[in-house]
DNA sequence: TACATATTTGAAAGCGCTTTGGATGCCACT
DNA sequence: AGTGGCATCCAAAGCGCTTTCAAATATGTA
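Protein chains in written order, with the numbering used here: chain H, 15 to 355; chain B, 15 to 355.
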């Protein structure tokens with residue numbers, strides 16, 4: 015069943031049927047009803063390819079998925095996608111996912127953009143001085159960046175959480191509890207959020223005249239394995255830190271294992287605050303010692319970015335270009351007063 | 015730059031240029047060279063929408079992503095996607111992901127199929143007597159099922175792992191170690207793999223005249239939280255099981271926490287074997303007590319399914335219709351002889 | 001009544017590609 | 001010379017939709 019057949023069936027022109035379907039005002043309400051009714055009965059669905067060819071709009075948002083033989087998939091990606099999807103499904107949008115080698119991000123993004131397969135781009139895994147920004151600006155296609163790029167002019171559309179503020183607040187909480195020896199388990203050094211979180215910690219410490227020792231910072235992929243290793247390292251330091259800031263509940267998982275193995279008690283000998291992306295897999299409240307966290311739902315961010323992207327494509331704008339979400343500091347049992355030496 | 019412009023530039027017809035580009039034999043080699051050269055210089059890229067409209071082929075494989083407000087995203091989904099992507103990138107294929115409510119799977123799949131956006135479908139999260147199979151068969155579109163549907167005629171293309179065999183072997187190992195009291199922490203009851211794994215355990219036990227008590231089986235979402243709960247339950251049973259079979263390393267995570275909290279030692283008081291999908295997030299060898307596992311890479315399955323799907327679309331056939339992969343039983347420290355009472 | 005103005009509909013021209021169904025020229029062969 | 005076969009190429013017809021431009025009808029106004 016195509017437009018032509020449908021319009022013949024109705025004794026109308028393709029034009030009128032098309033207009034009725036797309037909500038144009040110049041069509042009689044009665045005829046519109048009749049068309050809608052016929053659609054229901056015949057199960058007619060417009061051919062997307064043709065629609066796209068005619069309009070230039072694809073009804074899809076594109077994203078690059080880092081992947082390569084040996085490349086680790088990322089839990090956060092799936093969670094974020096779920097958020098995008100939740101919104102996309104409401105607008106009959108879909109995703110086009112371009113798998114690409116992480117070393118090939120810029121080129122992959124460009125390919126995706128010029129492929130004509132997508133109306134808008136979503137970009138994540140931002141780095142400091144990210145080279146993709148220049149490319150995106152040169153394209154004439156809407157995009158939203160998840161995160162920001164430290165060191166680049168902030169003149170691009172983004173949605174980010176206040177990483178610096180989150181870790182600043184978390185650090186202050188630990189300071190108030192009397193801690194003075196801090197360590198930070200962070201994500202990969204080149205990633206924007208890692209840079210900002212570190213800055214947050216440092217500026218809170220600086221206010222008290224404290225510093226973050228170089229040996230007390232780890233940068234690694236956010237897996238439990240790396241968490242374990244990093245924590246084992248911290249625990250062997252001569253001046254063992256009592257307060258740990260952790261960029262992910264996944265890292266925290268390994269870290270806590272190390273704490274337990276060392277015979278220490280979380281929330282007593284060692285205090286820990288982790289950033290919680292609200293991954294359904296790992297609920298901080300159901301850890302054996304519930305985790306104090308800075309919380310911001312990755313999924314909610316996905317929903318919002320999808321809104322902005324789809325809204326822009328549909329010209330249902332205007333949308334704020336730049337959003338910075340505060341995180342919540344949720345105190346649970348993994349933080350406590352500094353132990354008396 | 016489009017075909018028309020390119021062909022005018024070359025002084026050829028669109029027909030010839032199109033043929034040269036698509037490797038048709040009836041074009042002079044010299045002309046073909048000239049065309050290819052011009053493509054390189056101009057950076058011409060065929061418009062996918064037009065190509066698709068003309069050929070009916072989209073160069074993409076479609077999948078439904080279960081998502082809904084409140085619906086948990088699934089780590090396995092992301093990992094599998096990484097595998098699909100790894101292969102897709104080699105063939106310039108992309109994915110179209112249709113987000114859909116889990117209760118709406120059949121309809122979503124149909125919408126995706128008739129949307130004209132995809133050439134082939136990938137279907138996962140199979141259930142016993144899965145209603146999607148009938149629908150897929152009625153479509154005239156290639157598809158591959160990941161998993162199988164217990165209770166349905168196995169006359170559809172699939173790739174599955176030998177879940178029954180895996181859990182049969184795992185159970186036999188534990189039996190050889192002297193265990194007699196077993197428990198199974200499984201995935202949701204309606205899912206195919208859960209049914210088969212349970213069968214595997216039961217048939218190994220039956221060979222020794224043992225049975226799996228009803229109270230010793232849990233069916234739940236595969237999160238660490240559920241793992242914790244299930245294990246706590248098992249540990250309170252009057253005849254506490256000493257051998258645990260576990261459908262996921264994620265469940266094992268929670269389960270082991272429960273074991274530790276109960277003051278028991280994994281691999282001594284309690285033996286545990288988990289199925290390992292080779293999620294990069296959770297490596298069984300880096301658990302505090304390395305986990306004995308049945309292993310099969312989800313990602314590798316993704317690669318293979320993408321091969322079959324893309325191959326079928328490109329008619330690079332023929333592919334085996336049904337593949338059943340054996341799992342590896344890898345013995346580490348979480349299994350040991352039954353403790354002397 | 002006559003004319004201007006809304007309102008509602010349609011014919012037809014694309015969108016950029018593939019593919020059918022010839023053309024054209026050239027050669028070998030009878 | 002006449003015929004058939006082959007290698008190359010092209011014009012034009014779609015694919016199924018949107019949208020421009022124009023026409024037809026209905027409504028309002030003087």
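Each residue gets a CB set at the ideal place from its N, CA and C atoms; glycine is no exception.
By DSSP's criteria, residue i is part of a beta bridge. Which residues make up the other side?
{"i": "residue 158(B)", "result": "136(B)"}
{"i": "residue 286(H)", "result": "258(H)"}
{"i": "residue 113(H)", "result": "79(H)"}
{"i": "residue 336(H)", "result": "172(H)"}
{"i": "residue 309(B)", "result": "290(B) and 342(B)"}
{"i": "residue 131(B)", "result": "The partner list for residue 131(B) (beta bridge, DSSP) is empty, contrary to what the question assumes."}
{"i": "residue 141(H)", "result": "205(H)"}
{"i": "residue 231(H)", "result": "198(H)"}
{"i": "residue 280(B)", "result": "284(B)"}
{"i": "residue 356(H)", "result": "Because chain H spans 15 through 355 in this model, residue 356(H) falls outside it and cannot be assessed."}
I need the DSSP call for residue i, collapsed to helix, strand or coil.
{"i": "residue 58(H)", "result": "coil"}
{"i": "residue 200(B)", "result": "strand"}
{"i": "residue 41(B)", "result": "coil"}
{"i": "residue 108(H)", "result": "strand"}
{"i": "residue 87(B)", "result": "coil"}
{"i": "residue 74(B)", "result": "strand"}
{"i": "residue 165(B)", "result": "coil"}
{"i": "residue 216(B)", "result": "helix"}
{"i": "residue 253(B)", "result": "coil"}
{"i": "residue 193(H)", "result": "coil"}
{"i": "residue 223(H)", "result": "coil"}
{"i": "residue 348(H)", "result": "coil"}
Whose Cβ in chain B lies nearer than 8 Å to the Cβ of residue i?
{"i": "residue 62(H)", "result": "129, 130 and 131"}
{"i": "residue 275(H)", "result": "302"}
{"i": "residue 121(H)", "result": "Neighbours of residue 121(H) on chain B: none; closest Cβ ~12 Å, over 8 Å."}
{"i": "residue 158(H)", "result": "Near residue 158(H) there are no residues of chain B at all, since even the closest Cβ is about 18 Å away, more than 8 Å."}
Give the residues of chain H in contact with residue i, contact being defined as C-beta atoms less than 7 Å apart.
{"i": "residue 237(B)", "result": "294 and 295"}
{"i": "residue 8(B)", "result": "Here chain B comprises residues numbered 15 to 355, so residue 8(B) is not present and cannot be evaluated."}
{"i": "residue 96(B)", "result": "81 and 87"}
{"i": "residue 309(B)", "result": "Residues of chain H passing the Cβ test: none, with the nearest at roughly 17 Å."}
{"i": "residue 137(B)", "result": "Those do not exist, as residue 137(B) stays about 16 Å from chain H at its closest Cβ, beyond 7 Å."}
Taking residue i and residue j to be in contact with their CB atoms under 8 Å, please state how far apart those CB atoms are, rounded to whole angstroms.
{"i": "residue 120(B)", "j": "residue 146(B)", "result": "5 Å"}
{"i": "residue 349(H)", "j": "residue 191(H)", "result": "6 Å"}
{"i": "residue 179(H)", "j": "residue 261(H)", "result": "Actually they do not touch by this definition, with Cβ atoms about 15 Å apart."}
{"i": "residue 334(H)", "j": "residue 256(H)", "result": "That belief does not hold up - the Cβ atoms of residue 334(H) and residue 256(H) are roughly 41 Å apart, past 8 Å."}
{"i": "residue 76(H)", "j": "residue 317(H)", "result": "18 Å between Cβ atoms; not a contact."}
{"i": "residue 112(B)", "j": "residue 125(B)", "result": "7 Å"}
{"i": "residue 132(H)", "j": "residue 110(H)", "result": "5 Å"}
{"i": "residue 249(H)", "j": "residue 272(H)", "result": "6 Å"}
{"i": "residue 81(B)", "j": "residue 99(H)", "result": "4 Å"}
{"i": "residue 116(H)", "j": "residue 160(H)", "result": "16 Å between Cβ atoms; not a contact."}
Please say whether residue j and residue i have beta carbons closer to each other than 9 Å?
{"i": "residue 93(H)", "j": "residue 294(H)", "result": "yes"}
{"i": "residue 307(H)", "j": "residue 290(H)", "result": "yes"}
{"i": "residue 343(H)", "j": "residue 287(H)", "result": "yes"}
{"i": "residue 153(H)", "j": "residue 137(H)", "result": "no"}
{"i": "residue 303(B)", "j": "residue 280(B)", "result": "yes"}
{"i": "residue 72(H)", "j": "residue 68(B)", "result": "no"}
{"i": "residue 128(B)", "j": "residue 315(B)", "result": "no"}
{"i": "residue 26(B)", "j": "residue 49(B)", "result": "yes"}
{"i": "residue 173(H)", "j": "residue 224(H)", "result": "no"}
{"i": "residue 114(H)", "j": "residue 108(H)", "result": "no"}
{"i": "residue 164(H)", "j": "residue 104(H)", "result": "no"}
{"i": "residue 171(B)", "j": "residue 327(B)", "result": "no"}
{"i": "residue 23(B)", "j": "residue 45(B)", "result": "no"}
{"i": "residue 144(B)", "j": "residue 166(B)", "result": "yes"}
Against residue i, what residues of chain B qualify as contacts under a CB-to-CB distance less than 7 Å, listed in chain order?
{"i": "residue 93(H)", "result": "87"}
{"i": "residue 66(H)", "result": "63"}
{"i": "residue 271(H)", "result": "302"}
Anything in chain H within Cβ reach of residue i, meaning under 9 Å, just list it in chain order.
{"i": "residue 146(B)", "result": "Here the premise fails: no neighbours, minimum Cβ distance about 18 Å."}
{"i": "residue 242(B)", "result": "300 and 302"}
Using a Cβ cut-off of 8 Å, pull out every chain H residue sitting near residue i, in sequence order please.
{"i": "residue 20(B)", "result": "The contacting residues do not exist; residue 20(B) stays about 15 Å from chain H at best."}
{"i": "residue 103(B)", "result": "81, 112, 113, 114 and 115"}
By the criterion of Cβ-Cβ separation under 9 Å, what are the contact partners of residue i in chain B?
{"i": "residue 59(H)", "result": "125, 128, 129 and 130"}
{"i": "residue 327(H)", "result": "None at all; the shortest Cβ gap to chain B is about 15 Å."}
With a threshold of 8 Å (Cβ to nearest heavy atom), would residue i be considered close to the ligand ATP?
{"i": "residue 235(B)", "result": "Among the ligands in the structure shown, none appear at all, so the ligand ATP cannot be discussed."}
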